[in-house]
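One structure is given below, encoded as C-alpha cells.
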Amino acid sequence: MTDHREHGELVEALRAAGVSGVDDSALARSLYSSDASLYRVPPRVVVTPREADELPAVLAVCRDAGVPLTMRGAGTSIAGNAVGPGVVADVSRHLNRVLEIDPEAGTALVEPGIVQERLHRRAAEHGLRFGPDPSTRTRATLGGMIGNNACGSRALGYGRTSDNVLGLDVVTGSGERLRVGDVPGARTGGVLLERLRGLVGDNLALVRTEFGRFGRQVSGYSLEHLLPEKGFDVARALVGSEGTLALTLAARVRMVREPAHRALVVLGYGSMAEAADAVPAILPHGPVACEGLDSRIVNVVRERRGAGAVPPLPSGSGWLLVELAGSEPGALRSAARGVVAASGCADSALVEDMALADALWRIREDGSGLVARTPGGEQAHAGWEDAAVPPERLGAYLREFETLLAGYDLFGVPYGHFGDGCIHVRIDFPFGRTGGTRVFRDFLNDAAALAARHGGTMSGEHGDGRARSELLPHMYSPEALALCSAVKDVFDPDDVLNPGIVVRPAAVDADLRAVQTVPLNRGLGLAYRDDRGDLSRAVHRCTGVGKCRADNTGPGGVMCPSYLATREEKDSTRGRARVLQEVVSGRLGPDGWRSKALHDVLDLCLACKGCASDCPTGVDMASYKAEALHQRYRGRIRPRSHYALGRLPRWTRLAARAPAAIRAVNAAMRSRALKPLLAWGAGIDRRRTLPALAPVTFRRWFASHRSPEGRNGDVVLFVDSFTDAFSPEVGRATVRVLEHAGYRVTVTERPVCCGITWISTGQLDGARAQARRAVRALLPHVRRGARVVGMEPSCTGVLRSDAEELLRGVDAAAAREVAAATRTLAELLAETPDWTPPDLSGVTGVAQPHCHHHAVMGWAKDAELLRKAGAGVERLGDCCGLAGNFGVEKGHHEVSVAVAEHRLLPAVRAAGEDAVVLADGFSCRTQLRELAHRDGEHLAQLLARRLPGR
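In this note's numbering, the protein residues as written are 23 to 972.
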C-alpha cells in the first residue's frame with residue numbers, strides 16, 4: 023500500500039486484519055477531528071477495537087500503509103495529543119476492563135480505556151483508589167493519563183501517574199511486543215532495550231542535568247527514569263510519551279488507601295501572587311493538595327452558577343485550598359493550625375464538612391470550562407495551559423506572567439496546582455481578527471521563554487502535544503532534543519505513532535480550529551443573545567473537556583442521558599457540538615443541515631437541556647437541535663411525529679371543545695384495531711400507550727371556580743396543554759395550595775401555549791407564534807403586579823428562557839418582563855413570608871426533577887421546601903427518558919427505556935410501594951406509569967393533600 027490509497031482501501035485492510043469498529047464516515051471523521059485542544063485534524067479512519075490484541079493489527083496496517091496512528095481515550099487532551107491525520111484508535115469504547123485487583127499488593131491490572139472513576143468504583147470495595155486525580159477523572163481513561171503523565175490536585179500526596187505505574191504491556195512503533203515492569207511476561211533484555219540502554223549510557227550527564235529537575239517537568243520524554251540509579255525503569259519512562267513511542271495494551275498501577283479523614287484549610291491573601299509566595303512555607307506540613315485561585319474565577323462561578331455555588335471564603339482576593347489527610351481528626355486539626363501559622367495569610371477557615379469542601383473543590387475542578395469565556399463574552403482558549411515552575415519561583419513567575427498578558431492586551435484567569443508550581447489559564451487569543459494567529463505564536467514563544475527563565479517546563483501535566491512541542495527548545499538544549507529524537511527512532515523508526523508530537527514537531531499555529539470558524543448570524547430561528555446572535559459562536563462554546571461523557575447524575579446532574587445509555591461519542595453533547603461545528607463552517611457540504619452525519623448525531627438527543635446547566639461552557643444542545651431541525655425541514659415535508667406530537671396542543675384544544683370528542687378520541691386510542699393505525703400515523707412506537715384525555719379539562723373546571731381575594735395579591739396560573747388536557751388534577755391541587763398561601767388565582771382569558779412541542783420538533787416559526795401569543799396574554803397580568811406560576815416545568819422553562827430567544831423587538835422585551843415574573847410553585851411559596859408548609863413528617867420517597875426544571879429554574883427551592891416540611895425525599899439525577907416527544911417516537915424506545923433504567927427505575931423499585939414518587943413533569947409521570955406502573959405525584963398534589971381541611 024502507499025500513502026495515496028483511498029480511504030476505502032485502508033478501511034478494507036483494517037477489516038481484513040480483524041480490526042473492529044472501522045469507520046471512515048463523515049460522522050466519525052467529524053467526531054474525532056478535535057479533542058479538548060485548539061486543534062482540528064480530521065482522521066482518515068476511526069477504529070474502536072474490542073480486544074487489546076487488535077491494536078498490534080491496527081499498527082501493522084498503518085506501518086504498511088505509511089499512515090499515522092493516534093491513540094485516544096476520552097479525548098480530553100488539551101494540547102492536541104489525541105488528534106491525528108491517519109487512523110485514530112478509540113480505546114474507551116471497549117478496551118475498558120479491570121483485569122485484576124490485588125488488594126494485598128495494592129495494585130490493579132487494567133486496559134487503557136478504563137475510566138478512572140470506574141476503576142475507583144471497582145476498587146472501593148477494597149478501600150483502594152488510584153492516587154492521581156485530574157479534574158477530568160470522571161471521564162479520563164488510564165491510557166490517556168499514562169500518555170500525558172496526568173497529575174491532578176492531589177499529586178503532592180500521591181504523585182504523578184508515572185509514580186504510580188508499575189508495569190506496562192505495550193507494542194512499540196516498530197511492532198515489537200514489549201512487557202516491562204510488573205506485568206505478566208515481563209523481560210529486561212532484547213535488542214530494543216539494549217539500544218535504549220546504550221543511548222542513555224552515552225548521555226548520562228545530559229540526562230542527569232536536563233531531565234527530571236523538579237516534580238512537574240512533564241515536557242519532553244521522562245528519560246531520567248532510565249538512569250542506572252533509577253533502575254532503568256522503562257515503564258515509567260514511557261509514561262508521558264503521548265503515544266509517540268508505543269501503544270498501551272495493559273498497565274499495572276499502584277493503588278492507594280483512602281485516608282480515614284480529610285480536612286481542608288482555606289487561606290485568604292490580598293492577591294493570588296501573594297498566595298503563591300506562601301507555598302514554600304506550607305509544603306513542609308505535608309499537604310495532600312495545595313491549590314490556588316483568585317476572585318476572578320470565583321466571580322465567574324457566582325455569575326454562572328448562582329451565589330449559592332460559592333461557599334463562604336476567608337477575606338481576600340486570592341486563596342489557597344490546602345488539603346490534609348490522616349487517620350486522626352485531632353491530629354489533622356493540629357496540622358491545620360500549623361499550616362495557618364506558617365502561611366502568613368490574612369484570613370483562614372478550617373473546613374471539615376466534606377460537602378462544603380466538595381463545593382469548594384468544584385470551583386477548581388470546573389475551572390477550565392467556566393473560564394472558557396471572558397467577562398466580556400470572548401472565547402478563551404487553552405493554547406498556553408499548564409506551564410509549571412519550581413514552587414519557590416511561583417509568585418515571581420505569576421507576577422511576570424500577568425505583566426506579559428497585559429503587554430499583549432490579553433485576558434486570562436490563572437489558577438492551578440500551586441503546591442506543584444503548575445498554573446492553568448485560558449486566554450482570549452484574538453483569532454477572529456487579522457494578525458490574531460501571529461499574536462498567538464508570539465505570545466506562546468514569550469511565555470515559553472518566561473517559564474524557562476524561572477527554571478520551568480512548558481507542560482506540567484497535559485503533555486506537549488501540538489500546542490507546546492515546537493516550544494521545547496526554550497527549555498531543552500539541542501543535545502537534549504536530539505536525544506529525544508534518537509529515543510523516538512528506537513521505538514518508532516518509521517514515525518507512525520502520533521507524528522508531530524514532542525520530536526519533529528508540528529507548528530503550534532497549524533490546524534487551529536478557531537481560525538477556521540465562520541460566523542453564522544442570518545436566517546436563524548433563535549436569537550442566541552448570549553452569543554451575539556451568532557450560532558457559530560454558540561456551538562463553538564464546546565471546548566471538548568468532555569464532562570458530558572461522565573456520569574454526572576450522582577449529585578443530581580442530568581447531562582448527558584443518551585451518552586450514558588449508548589456510550590458512543592456521537593451521542594455525547596461534545597460529539598454533537600463537533601458535528602455542528604463542521605456544519606456551520608461549511609465542511610459537511612453546501613447544505614450540511616441535511617447531511618446524514620448531522621441527522622445521525624442529533625437523532626438520540628433527548629433535548630433534555632441538561633447540558634445548558636451541567637456543561638461548564640454552557641452548551642445548550644436542546645436549542646441547537648431545535649435550530650438544526652428548523653433548518654433541515656424548512657420548506658420541506660416533516661416526519662409524521664412533528665405534525666402529531668409537535669402540534670399536540672392544537673389537537674388537544676380541538677378535542678376539548680366537546681365531551682363527546684374527548685370520549686371518541688379516548689376510545690380510538692384504546693381500540694386494538696385503531697391504535698396501531700394511530701401510532702403509525704403519529705410516528706409513535708407501537709409499544710407506547712397513548713395517554714387518555716381527561717373527561718373535564720382544567721380550564722373547564724376553573725371556569726366554574728371562584729378564587730377568593732388573597733392577602734398576598736394575584737397570581738396568574740399558566741395553564742399548559744398537558745395539565746389542561748391530561749392532568750387537570752395537578753391544576754386543581756395547585757389552585758388549592760396557592761389559595762391557602764394567600765393568593766387569588768387567575769388564568770388568561772383564552773387558552774395559550776408556550777410552544778414547547780413546536781420547539782422540540784424544530785418548528786420554530788410556529789413556536790414563535792405560540793410564544794408571542796402567550797407572552798401577550800400574560801403581560802397585562804404581570805404589569806398589574808401578578809406573578810406567573812407554571813405547573814409543567816418544560817413550559818415554565820420556556821417562559822423563563824426560550825420565549826425571549828424566539829421573539830424579536832418589543833415582543834422580546836415583553837418576554838423578559840414575563841420571565842422576570844415567572845415562578846415555579848416552590849419558588850413562589852419560598853417568597854411568601856406568611857405561609858408555612860403543611861407537615862410532611864413521615865413522607866419518604868424519591869423525586870425526579872424534570873430536566874428543564876433542573877436546567878433552567880433549578881430545583882433548590884423545591885428541595886428546601888420539602889426539607890422544611892419534614893419530608894425525607896431523595897433527589898434523583900438523570901432524565902426520565904421520555905423527554906417530551908422523544909421517548910414515544912418510533913426508533914427511540916430502547917434508548918428511552920435504557921435512560922430510565924440508569925437511575926429512575928432502580929430508585930423507584932428500591933423505594934417500595936408506600937414511597938412517594940415526586941415528578942412535576944407530565945412526561946416523567948407518563949414514563950413512571952408505563953415502565954414502573956407507578957403514579958408519580960406533582961409537588962402541588964403532595965402539599966394539597968396534607969393541607970388542613972382535607
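For glycine and all other residues, C-beta sits at the position ideal for the given N, C-alpha and C.
*asked:* One question on the structure: do valine 939 and glycine 894 come within less than 8 Å of each other, judged by their Cβ atoms?
replied: Going by beta carbons, valine 939 and glycine 894 fall outside the 8 Å limit.
_In chain order, what are the residue ranges of uninterrupted beta strand (DSSP E) at least 3 long that sit wholly in the region 48-72?_
Here the runs fully enclosed are 67-69.
*Could you name each continuous beta strand (DSSP E) segment of 3 residues or more that falls completely within the region 412-467, going from the start of the chain to the end?*
Segments of the beta strand (DSSP E) lying fully in the region 412-467: 437-439 and 444-446.
*Can you find at least 3 beta carbon pairs, one from the region 610-628 and one from the region 531-546, that sit closer than 8 Å?*
With a cut-off of 8 Å, the region 531-546 and the region 610-628 do not count as touching, because too few Cβ pairs lie within range.
_leucine 696 to phenylalanine 744 span [Cα, whole Å]_ = Taking the straight line joining both Cα atoms gives about 23 Å.
*Would the C-beta of aspartate 613 count as close to the ligand MN, meaning under 7 Å from any of its heavy atoms?*
By its list of ligands, the structure shown contains no ligand whatsoever, and the ligand MN lies outside what it can speak to.
*For the beta strand (DSSP E) containing tyrosine 1053, list its first residue and its last residue.*
In this structure the chain extends from 23 to 972, so residue 1053 is not present and cannot be described.
*Roughly how many whole angstroms lie between the Cα atoms of leucine 432 and alanine 297?*
Their Cα atoms are separated by approximately 23 Å.
*Quick one: any contact between the region 119-137 and the region 265-276, if contact means 3 or more CB pairs under 8 Å?*
With the cut-off at 8 Å, the region 119-137 and the region 265-276 touch.
*Where arginine 809 falls: helix, strand or coil (DSSP)*: The answer is strand: DSSP assigns arginine 809 an E or B state.
*Closest Cα partner of alanine 528 within the set Leu53, Val63, Glu34 and Arg710*: Checked all of Leu53, Val63, Glu34 and Arg710; the closest Cα to alanine 528 is Val63.
*Do the CB positions of serine 356 and leucine 289 come within less than 8 Å of each other?*
Taking 8 Å as the Cβ cut-off, serine 356 and leucine 289 do not qualify as a contacting pair.
*Is valine 301 near valine 320, with beta carbons less than 8 Å apart?*
No, the Cβ-Cβ distance between valine 301 and valine 320 is not below 8 Å.
*Beta-bridge pairing of cysteine 312 - partner residues as DSSP gives them*: In DSSP, cysteine 312 forms a bridge with Val344.
*Could you check which residue in Ile445, Gly831 and Asp746 has the C-alpha nearest to that of leucine 676?*
Checking every option, the nearest Cα to that of leucine 676 belongs to Asp746.
*Write down every uninterrupted run of the alpha helix (DSSP H) in the region 577-655 whose length is 4 residues or greater and which is fully enclosed by it, in chain order.*
Given a length threshold of 4 residues, each whole run of the alpha helix (DSSP H) inside the region 577-655 is given here in chain order: 583-588, 595-606, 618-624, 632-636 and 643-654.
*Beta-ladder partner(s) of alanine 272, from DSSP*: Its beta-bridge partners are Asp191.
_Quick check: the region 398-413 against the region 442-462, are at least 3 beta-carbon pairs closer than 8 Å?_
Result yes; three or more Cβ-Cβ pairs closer than 8 Å.
*asked:* Looking at the secondary structure, which residues open and close the alpha helix (DSSP H) in which glutamate 76 lies?
replied: Under the DSSP assignment, glutamate 76 falls in the alpha helix (DSSP H) whose first and last residues are 76-87.
_Proximity to valine 1033 [Cα-Cα], best of Gly522, Arg772, Ala474 and Gly253_ = The chain is shown from 23 up to 972; residue 1033 falls before or after that span and cannot be answered.
*Do aspartate 742 and cysteine 630 have their C-beta atoms closer together than 8 Å?*
Taking 8 Å as the Cβ cut-off, aspartate 742 and cysteine 630 do not qualify as a contacting pair.
*With DSSP as the reference, please indicate the residues paired to threonine 92 in a beta bridge.*
Per DSSP, the beta-bridge partners of threonine 92 are Val110.
*In DSSP terms, what threonine 858 is bridged to*: Its beta-bridge partners do not exist; DSSP assigns none.
*Would you decide whether tryptophan 702 is buried or exposed? Buried here means 16 or more other CB atoms lie within 10 Å of its CB.*
By the neighbour-count criterion, in which a residue is buried when 16 or more other Cβ atoms sit within 10 angstroms of its Cβ, tryptophan 702 is exposed.
*Straight-line CA distance for proline 860 to leucine 898?*
Approximately 23 Å, taken between the alpha carbons.
*the region 69-84 in contact with the region 98-106 per 3-pair CB rule at 8 Å*: Touching, no, given that fewer than three Cβ pairs across the two stretches are closer than 8 Å.
*DSSP beta-bridge partners for methionine 277?*
Partner(s): Phe152.
*Just checking my contact of threonine 854 with alanine 572 at CB under 8 Å: how many whole Å lie between their CB atoms?*
Their Cβ separation, rounded to whole angstroms, is 38 Å, which puts threonine 854 and alanine 572 out of contact at 8 Å.
*Have a look at glutamate 896 and leucine 53 and give me their C-alpha separation to the nearest angstrom.*
One C-alpha to the other measures close to 37 Å.
*Indicate the three-state DSSP secondary structure (helix, strand or coil) for alanine 474 in the structure shown.*
Correct three-state label for alanine 474: helix.
_Alpha carbons only, please: which of Glu923, Val910, Ser782 and Ser114 is nearest the one belonging to leucine 700?_
Among Glu923, Val910, Ser782 and Ser114, the Cα nearest to that of leucine 700 is on Val910.
_Quick check: the Cα distance between arginine 967 and leucine 847, rounded to an integer number of angstroms?_
Distance between arginine 967 and leucine 847, taken at the CA atoms: about 15 Å.
*asked:* Once the 5 residues before and after leucine 426 are set aside, which same chain residues still bring their CB inside 7 Å of it?
replied: Around leucine 426: Asp468, Ala469 and Leu472.
*asked:* On the DSSP letters alone, give me the boundaries of the alpha helix (DSSP H) that leucine 354 sits inside.
replied: Per DSSP, leucine 354 is one residue of the alpha helix (DSSP H) stretching across 351-365.
_Residue closest to isoleucine 659, alpha-carbon to alpha-carbon, out of Arg616, Ala690, Leu624 and Ala634_ = Per the C-alpha coordinates, the member of Arg616, Ala690, Leu624 and Ala634 positioned closest to isoleucine 659 is Arg616.
*Compute the Euclidean distance between the alpha carbons of alanine 841 and arginine 51, then round it to the nearest angstrom.*
If I take the Cα positions, the gap works out to 41 Å.
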